[in-house]
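**Student:** Heads up, the sequence shown is in my numbering, so the first residue is 527 and it goes up one at a time. Ideal placement from N, C-alpha and C gives every residue a C-beta, glycine not left out. Quick one: this structure, given as C-alpha cells, is what I'll be asking you about.
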Amino acid sequence: MNKPIQILDTIVQPGKKAIINLEVAKLHTASPVNIPIIVEHSKKKGPTLLLLGGVHGDEINGIEIVRKIVRSGLNKPQRGTIICIPVLNIFGFLNFMRELPDGRDLNRSFPGTASGSLASQFAFAFMKHIAPLADIIIDIHTGAAQRNNYPQIRCDFSNPQALELAEVFDAPFIKDSKLIPKSLREAVSKKGKNIILFEGGKANRIDPFILEEGIRGIKRVMHHLDMIDECDDLQRGSTLLKNSKWLRSPLSGMFDLRVLNGSYVEKGTIIGVISDPFGKYERSFKSPMNGYIFAVNESPIVNKGDAIFHIGY
C-alpha cells in the first residue's frame, strides 16, 4: 500500500487525485497567478514521474502534450505517482513570450533564490516544493523563434540512467547534451533526479506529429517504470547524435529550404537556397558534411550569420 504524499499544504491520499495551486507572484493588477499542479497518487507503490511543460511560455507543444495526457487519463498510473505541470512559466504563457516579464529565461535561472528576480523566484519555488518529490522528470520543449526541432531527446550520454530512459522514450533522435549551467536539468541532476528533455516543433505552434511523438514516448517510459501494464508502442530505435553543429547563413536574403527536417544528407547536398528580393543573385547552400538535419530555421528571411540548420553526426 502506498503512503500519503504532501505537496505544499495538501496531503494526497493513496488512490486520490488533487489539483494544487502554487502561487509565486501576482500580476501588476494584484490578481494572483497560480501554477496548477495535477497529482495522481495510486494505491500501489512506485516511482514518482513529473511531466513538465511550459518552462518557456511560448512553447505550446509541451503544454498541449501534458494537457492531452491529463485529459485522456493517461496520468493515472496503476503504480506510483504522476505529477503534471502543463505550464510552469504562467507569465510567459499569458504574454505568448519565451521569457518572464523581467526578460529573463527561466531555464537559465535555476536553482533560484527566494528574494531574487522573478525568474529566480519561480525557479526557487519549483526546486523547493516540486523537484524533491520527483524521481524522474520529463521536461518538454520546442525550438525557439522560427527554429523547428525534429522530435528528439536530449540527455548527457555520460549518465547511463538518463541514456537508458532516452532510449526507452524512443524519439527519432537522441542528442548528447551536457548539463547547461543554471538550467533546470543541471539543478535537478545535482539533486540526484533522473531527467530527460524532449524537444519537438517550434514556438507558438501546435504540431500533431510532435504531440503524437511526445505522448508515445511518455507512455513507453511509464511502461518501463512499471507504472502502467500495457503499452502497444514497439521499439523503433533512435539515432544517437554524439556531435552536432549549427550551419549558419553565409549572407542575408530570402531563404528557400530544400531539405526535409529529420533527413540524412551527404556532403555537398544542396539543402537551401538564399537569394535577394530583386533577382540579382541566388546562392545554393550545401551541406559541408554527412549527417542528420534535426532542426531547421523556417523563417523566409535570414541575415548573414543566422543559424539555419542543425546537423548531427
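If we ignore side chains and look at the alpha-carbon of each, how far apart do A551 and N601 end up?
**Tutor:** 28 Å
**Student:** Tell me which residue opens and which closes the alpha helix (DSSP H) that K708 is part of.
**Tutor:** Run containing K708: none; DSSP gives neither H nor E here.
**Student:** Spell out a yes or no on whether the stretch 741-748 and the stretch 811-821 are touching, meaning 3 or more CB-CB pairs, one atom from each, closer than 8 Å.
**Tutor:** no
**Student:** So, L710 versus V596, is the Cβ gap smaller than 9 Å?
**Tutor:** no
**Student:** Using 10 angstroms around the beta-carbon of I834, count the other beta-carbons present and answer buried if the total reaches 16, otherwise exposed.
**Tutor:** With 16 or more other Cβ atoms within 10 Å, it is buried.
**Student:** Quick one, are the C-beta atoms of N823 and F781 less than 9 Å apart?
**Tutor:** yes
**Student:** Does the stretch 815-832 come close enough to the stretch 664-672 that 3 or more CB-CB pairs lie under 8 Å?
**Tutor:** yes
**Student:** DSSP three-state label for R809, please.
**Tutor:** strand
**Student:** How should T574 be labelled, buried or exposed, when 16 other C-beta atoms within 10 angstroms of its C-beta is the threshold for buried?
**Tutor:** buried
**Student:** Measure the alpha-carbon distance for I586 versus I732 and round it to whole angstroms.
**Tutor:** 6 Å
**Student:** Taking the alpha helix (DSSP H) that P562 falls in, what are its first and last residues?
**Tutor:** Element bounds for P562: not the alpha helix (DSSP H) but the beta strand (DSSP E), 558-567.
**Student:** Output the distance between the C-alpha atoms of R605 and E549, rounded to the nearest integer angstrom.
**Tutor:** Computed Cα separation, rounded: 29 Å.
**Student:** List the endpoints of the continuous beta strand (DSSP E) containing I837.
**Tutor:** It spans 833-838 - the beta strand (DSSP E) in which I837 sits, taken as one unbroken run.
**Student:** In terms of alpha-carbon separation, which member of S801, Y839, A688, M527 lies closest to T607?
**Tutor:** M527
**Student:** With DSSP as the reference, label H554 as helix, strand or coil.
**Tutor:** coil
**Student:** For a test of the three-state rule: what should DSSP assign to R680, helix, strand or coil?
**Tutor:** The answer is strand: DSSP assigns R680 an E or B state.
**Student:** At what residues does the alpha helix (DSSP H) containing I595 begin and finish?
**Tutor:** 586-598
**Student:** Kindly list the residues whose CB is nearer than 7 Å to the CB of V694, restricted to its own chain and excluding five residues on each side of it in sequence; keep chain order.
**Tutor:** R746, V747, H750
**Student:** If you check the beta carbons only, do G726 and E739 fall under 9 Å apart?
**Tutor:** yes
**Student:** Alpha helix (DSSP H) containing E625: first to last residue?
**Tutor:** Segment: none, E625 is in no alpha helix (DSSP H) and carries neither H nor E.
**Student:** Between which two residues does the beta strand (DSSP E) harbouring L578 extend?
**Tutor:** That run of the beta strand (DSSP E) goes 574-578.
**Student:** Could you spell out the range, first to last residue, of the alpha helix (DSSP H) harbouring M748?
**Tutor:** 734-750
**Student:** Where DSSP assigns a beta bridge to E549, which residues make up the other side?
**Tutor:** N560
**Student:** I need the boundaries of the alpha helix (DSSP H) containing E690, first residue and last residue.
**Tutor:** 686-695
**Student:** Which value, in whole angstroms, describes the spacing of the CA atoms of K701 and K571?
**Tutor:** 32 Å
**Student:** Which stretch, first to last residue, makes up the alpha helix (DSSP H) that contains G788?
**Tutor:** Note, G788: premise wrong, no alpha helix (DSSP H); not H, not E.
**Student:** K543 to G838, Cα distance in whole Å?
**Tutor:** 42 Å
**Student:** Does the Cβ of G798 have 16 or more other Cβ atoms within 10 Å, making it buried, or fewer, making it exposed?
**Tutor:** With 16 or more Cβ atoms within 10 Å of its Cβ, G798 is classed as buried.
**Student:** Going by the CB atoms, is the gap between V714 and A660 shorter than 9 Å?
**Tutor:** yes
**Student:** Return the bridge partner residues of Q532 from the DSSP annotation.
**Tutor:** Note: Q532 sits in a beta bridge opposite I537.
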